[in-house]
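In what follows, a structure is listed as C-alpha cells, so that the remarks can point back to it.
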Amino acid sequence: MVSHFYSTRNLALEAQLPAVVFESLAPDGGLYWPDQLPTLPASFWENAANLSFPELAYELAKPVLGKWIPDQALHTICHEAFNFPVPLVELEQDVFLLELFHGPSLAFKDVGARFMARIMSFLLQQGQWKADVGKPVHVLVATSGDTGGAVAMGFLQTPGIEVTILYPSGKVSHLQEQQLTTLGHNIRAVEVNGSFDDCQALVKKAFADTDLRQQVQLTSANSINFCRLFPQSFYYAWAAVQLRQNAAVKERLVVAVPSGNYGNLCAALIAQAMGCPITHLIASSNANNVVPRYLRSGQYAPLPTVPTISNAMDVGLPSNWERISHHLGGDYATIRKAISGYDFSDEVTTLCMEQIHGLRHQVLEPHTAVGYLGLKSYKKYNLPCTGIVAATAHPAKFLEAMPEKVAADVTIPERLAKLSDRTKASTQMGPDYDSFRQFLLNR
Ligand SMILES: *Cc1c(COP(=O)(O)O)cnc(C)c1O
C-alpha cells in the first residue's frame, strides 16, 4: 500500500495525497511519485478478465489511494468516473485499437479528468484539504485543444471547484471551442489574443504570484498531476487482461502510445509495474521527437515545438519524461529495454490514414495513426507480438487534419453535433498578465 509520495528530485521531500492532488507540482519543481507501486498477485491478473472496467479500476486504485480514500468512496468514484465503454477493436491480425474516446469530450483525457475531479471533490468534502483562504479551489488550465474540453466536462458542476480555461483565440477547432465555452456553471473560458505559449505563460505567472495565491487558491489539472495520469493505467490493464483471454494472442504483448507530454506512456508503465502482463512499450511521436531521438542516441536534446497535424502531441519539452526516467532509474540501458521510440512526419501519417482507410475501411485520426505507425515499425524488426494501439481521440475531433476522403467517412457523434449550436461565452483578453490577474481576483 502506498504510504506517501515524494518528489522526483528529492526522495526526502515527502507529501500526502491531498498535497499531491492540490499542489500538482512538488515545491522543488519535481513531480510527485508514490513510494511504491504495489504489484498485484499473478492470481489476480489471471482472474481479472471477469471484472468490469470500473471494478478493475477499483482493484488497482485501492493499493495506491486506499490510505486516503476509503474503499466505499473509491468504489463509487470508479463507477461514476468510468461510465462509458472502452472497446478493444481488432484492426488487423495482431493489432488492436484501444478506443479511449467514448467519454464526454471524445478524447482519452476524459478518463483522467473525470477521476481527478472526483478525488479532489472527495478530499475537499472530507476536509482533508483545507481551502485555507475560505474560497473555492480554482483549477487553471491552458489548452491547445483537448485538455480543456476534458477538464471542463470532467469538472462541470463539481462542488467547491471553479475552473478557468485559457485558450488561444482562433487557434482551436470550432468543436473544441464549443466544448470550452458553452458549459456555464463553474466553468469559465478565457480567450487569449495570442498563442498557446502565451496562455501557458499566463498560467505559470499566476502560479508564481505568491500575493495572488494568498487570495485565490490555485491548482492545476494537467498531466503533471499524478491523479490525472494514474487512472490512465487502468485501461492498459483492462486491455491486457481482455487480450490474455484470447488464445490467438501472442505471448508478447506490446503497447504503442502516441505521445506528447508522456503522461499516457507513464500510465502504461504504472500498469506494468503493478503486474499487468505488458511486455514492452512504444513511444510514438510526430516531428516533436525528443524522446525517440533520445532512445536512439542516448542524448536528451529538446528542440522548440513544431506544429503538426497531430497537434495534441506538439510538445517540445515533455513534462512527464522526468517521471518515466525516474521510475526506470534514470539509466539509458534500462529505459531502452523498456521502451522503443519512433517518430513520423505529417506526410507519412497522412499516407497511413489513407492506406488504412482504403485497405481496412477503418478511420484513424492523426494521433492514433502515429501510434499505429510506431507499432508497425517495431513489429518489423522484433520478435512476433500482439500490439495494442492507444486510440486517443475520436476522428470527429480532427476532421481538418485528415485526408478529405477519410474525413468524409466520419460520423459526428450526436453529443458533439449538439454542441455546435450552443451559445458561446468567453472573456476575451490580451496576453498581458495584469488583466488576467484582475480577472482571477474579481471572481
Ligand atoms: C493529449 C493527447 C495526446 C498526448 O498524450 P500525452 O499523455 O500528453 O503523451 C495524444 N493524443 C491525443 C488525441 C491527445 O489529446
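Remember, my numbering sits 2 above the position in the sequence shown when you count from 1.
We put the CB at the ideal spot given by N, CA and C, even for glycine.
Buried/exposed call for residue i, threshold 16 Cβ in 10 Å
i, result
"I306", "Here residue 306 turns out to be Pro, not Ile, going by the sequence shown. By the neighbour-count rule (16 or more Cβ atoms within 10 Å), P306 is not buried but exposed."
"H369", "buried"
"S107", "buried"
"G129", "exposed"
"M431", "buried"
"T413", "exposed"
"K399", "buried"
"Y302", "exposed"
"M155", "buried"
"R230", "buried"
"A242", "buried"
"T10", "buried"
"N85", "exposed"
"P397", "buried"
"G172", "exposed"
"P72", "exposed"
"L361", "exposed"
"P294", "buried"
"T166", "buried"
"T394", "buried"
"D436", "exposed"
"H329", "buried"
"L13", "exposed"
"E94", "exposed"
"H174", "Note that residue 174 is Val in the sequence shown, not His. By the neighbour-count rule (16 or more Cβ atoms within 10 Å), V174 is buried."
Bridge partners - residue i, DSSP secondary structure assignment
i, result
"T388", "L255"
"E324", "BP columns for E324 are empty, so no partner."
"S222", "L142"
"D345", "S287"
"A393", "E101"
"I163", "V139"
"I189", "V165"
"F7", "A17 and P36"
"P170", "V194"
"V91", "L99"
"P260", "S286"
"A109", "A395"
"Q178", "Q178 is not bridged to any residue."
"M431", "V194"
"L27", "L33"
Beta carbon of residue i nearer than 8 Å to that of residue j
i, j, result
"F110", "A83", "no"
"L284", "Y380", "Residue 284 is actually Ile in this sequence, not Leu. In contact: I284 and Y380 (Cβ atoms closer than 8 Å)."
"A115", "A152", "yes"
"K69", "V4", "yes"
"V141", "Q234", "no"
"N266", "S321", "no"
"R445", "E164", "yes"
"I390", "L100", "yes"
"T149", "N224", "yes"
"V194", "L204", "yes"
"K214", "L385", "Residue 214 is actually Leu in this sequence, not Lys. Against a cut-off of 8 Å, the Cβ pair of L385 and L214 comes out as no contact."
"S327", "H282", "no"
"F98", "L90", "yes"
"K206", "C387", "no"
"Q216", "H187", "no"
"P2", "G196", "The shown model of the chain, from 3 to 445, leaves out residue 2, and the question about it has no answer."
"V192", "S428", "yes"
"N290", "G331", "no"
"L33", "E324", "yes"
Beta-carbon proximity list for residue i, same chain, < 6 Å, skipping 5 on both sides
i, result
"F198", "S146 and P170"
"S286", "A258, P260, Y344, V372, G373 and G376"
"F24", "W131 and T221"
"N227", "S26"
"A403", "I311 and P368"
"E92", "F98"
"I337", "L330"
7 Å Cβ shell around residue i - same chain, five flanking residues per side excluded
i, result
"H77", "Y60"
"H6", "E16, A17, Q18 and D37"
"K137", "V218 and Q219"
"P161", "S123"
"R500", "Examination of residue 500 is not possible in this model, given that the chain is present from 3 through 445 alone."
"P87", "H104"
"Y238", "V257, A269, A270, A273, C278 and I280"
"F209", "L220"
"Y334", "G300"
Beta-carbon proximity list for residue i, same chain, < 8 Å, skipping 5 on both sides
i, result
"L42", "E61, L62, P65, M276 and G277"
"Q247", "A51"
"K407", "E356 and H359"
"A75", "F124"
"R254", "T281, H282, L385, P386, C387 and T388"
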